[in-house]
Every structure is written in C-alpha cells, then in structure tokens.
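The structure appears right after this line, and notes come after that.
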C-alpha cells in the first residue's frame with residue numbers, strides 16, 4: 001500500500017514483508033516511522049524519526065561559512081550556531097512512489113545562497129532500507145554536505161528502563177574529533193573516549209555500525225560516509241549520523257557541488273529479529 005503525494009503534504013508508506021516505512025515529505029522528507037513486525041525502531045515526534053541533513057550537517061560556527069572571498073550567514077537555529085541544514089525544515093515534493101520505493105526532491109532556496117536541487121530516494125526490502133541523497137547544480141558551484149540523523153529508540157518496549165538495558169552501539173572509529181567548549185571540532189584528532197557522546201568520529205573506508213536491542217533486534221548501518229556523529233546523551237534515543245563531512249565542515253572540509261559533479265551519499269539499514 002502506498003500513499004503518494006505531490007506537494008499536498010500526504011505521507012508515503014512503503015511495505016515489504018514485515019517491514020513498514022513511512023516518509024513525511026512535508027516535514028523535511030524525514031523517515032517518520034520504521035516498523036519491523038509491528039515494532040517501531042525510531043523515536044516518534046515531529047522533530048525525530050530519521051531526517052536528511054542538507055546542504056550541511058551538524059553545526060556551522062556562528063552560522064557563517066566562506067566560499068572563496070564571500071562570507072555567507074545562515075540563521076542561528078541552535079544559537080550561537082546554525083545546525084543540520086535547511087532540508088529538514090522544508091516541504092519536499094514526491095517525484096515517484098511505488099509499493100517499495102519512492103523518490104523526492106526540493107529546490108534550494110533562501111536562506112541558502114545558491115540554486116540547486118536536492119533529491120532523496122528510499123528503497124525498502126524485507127530486511128533492508130536504503131537511503132540516497134544527492135545535491136546538484138546547473139549554475140554556480142558551491143560547498144555542501146549531506147547526511148542523515150536517525151533517532152533510534154533506546155528501548156523498544158513501552159517501559160523505559162536504565163540506559164544499560166537499552167540499545168547497544170558498536171562501531172570502530174579510527175579517531176575522535178576533539179570537541180571544544182563551543183561543541184565544534186577543534187581540529188585535533190584524539191583516541192576515542194568513552195561515551196555518552198555528542199561527538200564526531202572518523203571512519204576511513206566507510207561507516208559500519210551495529211545497534212542491538214538485546215533479545216529483540218539487531219540493526220546494522222553501513223555507508224561509504226567517512227564521518228559519523230554519535231549523539232546518545234538523551235535517555236530516549238541513540239543517534240548514529242553518517243555524514244559526508246564533519247561538523248563545521250563547510251569551513252574546514254567542504255565538498256564542492258559543480259555542474260558536472262553532484263554530491264551524493266547512500267546509507268543502508270539492515271536488520272534481523274533476535275526473538
């Protein structure tokens with residue numbers, strides 16, 4: 001069963017076997033629900049689910065970034081910084097929707113200073129969800145980042161227990177970006193510290209992370225993204241965020257979108273029931 005939409009705000013629902021995914025194009029094209037055999041894996045609410053971060057990821061220092069000699073100012077929606085891009089606050093359009101896959105887009109607009117198009121595709125099978133993001137331009141080149149911000153529920157049952165009885169995260173970063181008092185990377189790479197985290201890690205060769213809910217579910221998240229932010233300071237959720245660059249990356253490690261080279265990234269979530 002699929003509900004497709006143009007720009008009317010209607011959700012798109014995909015199903016494959018025991019897996020069900022709901023996409024909310026009107027609310028930043030976020031995955032608002034991922035249910036396996038009736039069990040919801042994502043934290044619910046208008047600000048949660050799994051949303052695309054575009055055209056930047058994480059924080060921009062004081063909302064300012066440079067493109068050559070030109071400085072641009074983004075709104076300070078996480079004062080004193082700008083955070084997570086404009087895509088999550090934008091109504092997207094549905095280009096295509098079938099029973100198991102859908103694609104969406106929106107055109108970049110102010111406050112982002114450049115013209116371009118952002119696309120996201122969603123493909124569901126019985127044991128995997130694959131997301132793809134792209135940014136393209138037919139005009140001026142510009143720096144950009146893409147990524148996703150999934151909010152995995154710490155506990156899958158209705159009763160919230162202690163942290164140690166909830167979701168367990170396993171991944172093997174090569175380094176951790178030292179975090180300054182302003183929550184931005186200092187530029188110094190350090191050995192990974194124990195959590196809880198609101199931190200960026202380097203994963204050369206791509207991300208491979210596993211979230212396990214003991215006795216219930218195992219989910220693997222893979223991506224060629226070589227940066228990941230882990231945010232697990234809240235009791236309700238664990239966030240594992242594949243990104244094309246680090247926080248403040250528009251200033252420190254920008255990827256350039258050009259008329260002949262779009263910025264593209266994919267991430268795949270696979271799962272298996274443990275009970």
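Numbering (full-length UniProt numbering), first residue to last: 1 to 275.
The C-beta atom is built at its ideal place from N, Cα and C for all residues, glycine as well.
Range of the contiguous beta strand (DSSP E) that encloses residue i
i: residue 22; result: 19-24
i: residue 14; result: 12-16
i: residue 71; result: 70-73
i: residue 169; result: 168-170
i: residue 50; result: 50-53
i: residue 35; result: 30-36
i: residue 67; result: 64-67
i: residue 184; result: Note, residue 184: premise wrong, no beta strand (DSSP E); not H, not E.
Residue(s) in a DSSP beta bridge with residue i
i: residue 176; result: 190 and 201
i: residue 258; result: 261
i: residue 231; result: 198 and 239
i: residue 267; result: 131 and 223
i: residue 147; result: 53 and 243
i: residue 276; result: Residue 276 lies beyond the range of the chain shown here (1 to 275); nothing can be said about it.
i: residue 216; result: DSSP output for residue 216 lists no bridge partner at all.
i: residue 208; result: 222
Cβ-Cβ separation, residue j to residue i (assumed contact under 8 Å), whole Å
i: residue 137; j: residue 258; result: 7 Å
i: residue 195; j: residue 226; result: With 8 Å as the limit, residue 195 and residue 226 do not qualify as a contact, their Cβ atoms being about 20 Å apart.
i: residue 101; j: residue 124; result: 7 Å
i: residue 148; j: residue 55; result: With a Cβ gap of about 14 Å, residue 148 and residue 55 do not count as contacting.
i: residue 30; j: residue 50; result: 6 Å
i: residue 156; j: residue 248; result: Actually they do not touch by this definition, with Cβ atoms about 34 Å apart.
i: residue 28; j: residue 107; result: Actually they are not in contact, since the Cβ atoms of residue 28 and residue 107 sit about 15 Å apart, beyond 8 Å.
i: residue 86; j: residue 52; result: Wrong, their Cβ atoms sit about 11 Å apart, outside the cutoff.
i: residue 128; j: residue 268; result: 6 Å
Straight-line Cα distance separating residue j from residue i
i: residue 47; j: residue 68; result: 34 Å
i: residue 84; j: residue 103; result: 21 Å
i: residue 93; j: residue 270; result: 26 Å
i: residue 7; j: residue 130; result: Legend: pLDDT at residue 7 = 45, less than 50; position of this residue unreliable, value from coordinates given subsequently. Distance between the alpha carbons of residue 7 and residue 130: 23 Å.
i: residue 236; j: residue 230; result: 14 Å
i: residue 273; j: residue 217; result: 5 Å
i: residue 17; j: residue 207; result: 27 Å
i: residue 200; j: residue 240; result: 10 Å
i: residue 188; j: residue 222; result: 26 Å
i: residue 41; j: residue 168; result: 13 Å
i: residue 22; j: residue 12; result: 6 Å
i: residue 81; j: residue 64; result: 8 Å
i: residue 250; j: residue 26; result: 26 Å
i: residue 3; j: residue 245; result: Note that residue 3 has pLDDT 35, beneath the 50 cutoff, so the model's placement of it is unreliable and the number below is only indicative. Approximately 34 Å, taken between the alpha carbons.
i: residue 256; j: residue 113; result: 14 Å
i: residue 35; j: residue 95; result: 24 Å
i: residue 262; j: residue 62; result: 27 Å
i: residue 5; j: residue 134; result: At residue 5 the pLDDT is 37, less than 50, meaning the model places this residue with poor confidence; the figure from the coordinates comes in the next sentence. Those two C-alpha atoms are separated by around 20 Å.
i: residue 171; j: residue 220; result: 10 Å
i: residue 99; j: residue 70; result: 45 Å
i: residue 186; j: residue 166; result: 31 Å
i: residue 154; j: residue 213; result: 8 Å
i: residue 252; j: residue 228; result: 16 Å
i: residue 266; j: residue 181; result: 31 Å
i: residue 44; j: residue 150; result: 11 Å
i: residue 139; j: residue 109; result: 13 Å
For residue i, the first and last residue of its enclosing alpha helix (DSSP H)
i: residue 250; result: 249-252
| field | Uninterrupted beta strand (DSSP E) stretches inside the segment 76-140 (no shorter than 3 residues) | value | 93-97, 101-107, 117-124 and 128-136
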